[in-house]
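Taking it in order: structure first as structure tokens, then the write-up.
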Amino acid sequence: MDNNSELITLLNGEKTWAIHQFNKDENGNDLDSRELFPQIPTPLVIDFFASNSVDELKIINDEKIFLKATGIDAVQWSYFLISPQSIS
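For the sequence shown, the working numbering assigns the number 92 to the last residue and increments by one with no breaks.
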């Protein structure tokens with residue numbers, strides 16, 4: 005299973021996800037870290053990544069997914085997808 009398909013399978017385990025985006029400089033420091041979306045419905049999260057290539061995908065725990073994705077602009081960003089259980 006490729007990363008994009010695996011991501012869809014993982015996301016479908018919850019009804020909503022928050023999307024946090026960040027980038028790192030050459031020293032590993034976070035740049036431009038921000039919450040893009042609070043808890044939004046899973047279909048919208050899947051839509052958000054539909055035109056991206058998911059280059060790396062790691063399950064941190066049942067409540068958090070880490071991924072690196074490259075968009076149509078050829079820029080790679082890192083994301084944390086956070087389930088509602090992580091917030092409660």
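Note that the Cβ used here is the ideal one computed from N, Cα and C, for glycine as well.
The alpha-carbon of N8 is positioned some 23 Å away from that of R38. Rounded to the nearest angstrom, the Cβ distance from S55 to I76 is 5 Å, consistent with a contact under 8 Å. In the DSSP assignment, D51 falls within the alpha helix (DSSP H) that extends over 46–53.
Put simply, of N27, N65, L35 the residue whose alpha carbon is nearest the alpha carbon of G17 is N65. In the DSSP annotation of this structure, I64 is not part of any alpha helix (DSSP H); the continuous beta strand (DSSP E) holding it starts and ends at 57–65. Under the DSSP assignment, S9 falls in the alpha helix (DSSP H) whose first and last residues are 7–15. Boundaries of the beta strand (DSSP E) around S82: 80–86.
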